[in-house]
Structures are given as C-alpha cells and as structure tokens.
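Structure, as structure tokens:
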Amino acid sequence: MTGTHFNYYQVCHRKLWLFSNGINMEHTSDLVYEGKLIHETSYPQRSERYEELEIDGIKLDYYDARNKVIHEIKKSDKVEEAHEWQLKYYIYVLERNGVEGVTGLLEYPSMRQTDKVELTDKDRKRIAEMEKEIEQITNTDECPPVINAKICKQCSYYEFCYIGED
Ligand code: SF4
C-alpha cells in the first residue's frame with residue numbers, strides 16, 4: 034500500500050479502486066500539474082534545506098530530518114480532513130520504520146496558513162482500521178459507484194466516471 038492509496042481512500046473509494054486496478058489518469062490532469070508547480074514556485078529554496086524521502090510506499094517532498102518534521106504543502110484554499118490524514122499516515126509509516134517523535138506541518142501557501150499535525154494513539158488505531166478497509170476495497174471485483182460529489186469536477190477520473198451520462 035502507498036500514500037496514494039491512503040489518500041484516495043479518504044477522497045473516494047471508487048477512485049481508490051480504479052487506481053489500484055491500474056486505471057491511472059493522473060498525467061492528464063491539469064490540477065496535478067498545478068499542484069506540482071506550486072511546490073516549485075512557492076518554496077524555491079526548500080530542496081536545499083530539506084530532504085526528499087521515499088520509504089515503505091510513501092514519498093515525502095520536504096522532510097526536515099534534523100527536527101523530524103514533515104512539511105506537506107497543499108495548493109488548496111480550503112483545509113481538508115483528508116490532508117490531515119495523509120500527513121498522519123506519513124508519520125505512522127515513519128514510526129513503523131523505527132523513526133520516532135515525528136510531527137508534521139500542513140502548509141497552505143495560498144491562505145498563508147500552517148497547521149501542526151501530530152499522531153495520537155486514537156489515530157494509530159484508526160489508521161490500522163483504514164488499512165484493512167483499503168485492502169478490502171482494492172481486492173473486491175466490483176468497482177464502487179460514482180459519488181456525485183463536488184470534488185468530482187476536479188478529479189482526474191471525471192471524464193472516465195461521467196462521460197456518456199446525461
Ligand atoms: S470523478 Fe468522482 S466518483 Fe469518479 S473517481 Fe473521481 S471522485 Fe470518485
């Protein structure tokens with residue numbers, strides 16, 4: 034399981050299923066491109082100060098190894114629970130690999146807002162449950178239904194899900 038699986042689980046179970054079954058549209062999405070761009074333009078000096086870290090299925094763009102802080106930058110102008118869970122999952126994976134005492138900073142450059150994220154025992158329990166649920170969803174033969182949500186319009190699977198519908 035990767036950080037992307039965990040993230041898609043938060044957003045939409047259908048998206049998780051499609052991605053897990055090899056249907057990948059991310060490269061066609063302008064929003065993904067914009068997301069990548071904001072990383073490069075908002076923090077040009079970052080790459081020198083922080084490390085990129087890939088471990089156990091997750092990829093951290095900005096990890097401050099000295100202070101054990103994960104910096105996660107979001108282009109969104111809205112704080113979302115899914116962002117917080119994604120960062121908590123990163124902390125969880127680092128813990129699982131023996132790195133203790135990690136915290137996270139969720140940064141929203143467009144709102145000039147930064148939120149501190151910590152992992153509690155309750156979160157650890159919930160993440161373990163989510164991992165089981167993710168496994169169940171990805172192993173089923175049936176694709177979950179469309180969710181008809183506002184976020185669908187920004188999803189890279191939008192055309193795939195709704196094309197041909199009235
Ligand atoms: S378009 Fe909507 S229903 Fe389809 S995968 Fe994306 S979020 Fe899910």
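So the sequence shown is numbered by this note's numbering: it starts at 34 and just counts up by one. For each residue, glycine too, the CB sits at the ideal point set by N, CA and C. Owing to the predicted nature of the structure, the values given are computational and were not obtained by experimental measurement.
Quick one, which of Met34, Tyr95, Glu164 and Val112 has its alpha-carbon nearest Arg145's?
Here the question's residue 145 lines up with position 112 in the sequence shown. With distances taken between Cα atoms, Arg145 lies closest to Val112.
Under the assumption that His38 contacts Ile167 (Cβ atoms under 8 Å), give the Cβ distance between them as a whole number of angstroms.
Mapped onto the sequence shown, residue 38 falls at position 5. Mapped onto the sequence shown, residue 167 falls at position 134. Contact between His38 and Ile167 holds: CB atoms are separated by about 6 Å, below the 8 Å threshold.
If you measure between the beta carbons of Ser53 and Ile170, is that distance less than 9 Å?
Sequence index remark: in the sequence shown, residue 53 carries index 20 (1-based). Sequence index remark: in the sequence shown, residue 170 carries index 137 (1-based). It is a contact, given that the beta carbons lie within the stated cut-off.
Coarse secondary structure for Val132, derived from DSSP in three states:
For this step, residue 132 is matched to residue 99 along the sequence shown. Note: Val132 maps to coil in three-state DSSP.
With hydrogens ignored, establish whether the beta-carbon of Lys158 is closer than 8 Å to any heavy atom of ligand 1.
As a first step, residue 158 is located in the sequence shown; it is residue number 125 there, counting from the start. Answer for Lys158: no, Cβ out of range of ligand 1.
Rounded distance between the beta-carbons of Glu105 and Glu162, thought under 8 Å:
If you number the sequence shown from 1, residue 162 lands on position 129. If you number the sequence shown from 1, residue 105 lands on position 72. Not really, about 22 Å apart at Cβ, beyond 8 Å.
Kindly examine ligand 1 and report whether one of its heavy atoms sits closer than 8 Å to the Cβ of Leu127.
Your numbering for residue 127 matches position 94 in the sequence shown. The answer is no for Leu127.
How many angstroms separate the CA atom of Lys48 from the CA atom of Asp110?
Residue 48 sits at position 15 when you count from the first residue of the sequence shown. Residue 110 sits at position 77 when you count from the first residue of the sequence shown. Lys48 and Asp110 have their C-alpha atoms spaced approximately 22 Å apart.
Of the choices Pro178, Lys108, Lys107 and Lys101, whose alpha-carbon is the least far from that of Tyr125?
Translated into positions along the sequence shown, residue 125 becomes position 92. When each option's Cα is compared against that of Tyr125, the closest is Lys101.
For Ala182, count neighbouring C-beta atoms within 10 Å of its own C-beta (all shown protein chains included) and say buried if the count is 16 or more, exposed if not.
Reading the sequence shown from its first residue, position 149 is the one you call residue 182. Here Ala182 is exposed. Its C-beta has fewer than 16 other C-beta atoms within 10 Å.
If you follow the beta strand (DSSP E) that Lys149 is in, where does it begin and where does it stop?
Looking up residue 149 in the sequence shown gives position 116. For Lys149, the enclosing beta strand (DSSP E) covers residues Gln146 to Val150.
Contact test: Val39 Cβ vs ligand 1 heavy atom, cutoff 8 Å:
Numbered from its first residue, the sequence shown carries residue 39 at position 6. Sequence check: residue 39 is Phe here, not Val. No - ligand 1 has no heavy atom lying nearer than 8 Å to the Cβ of Phe39.
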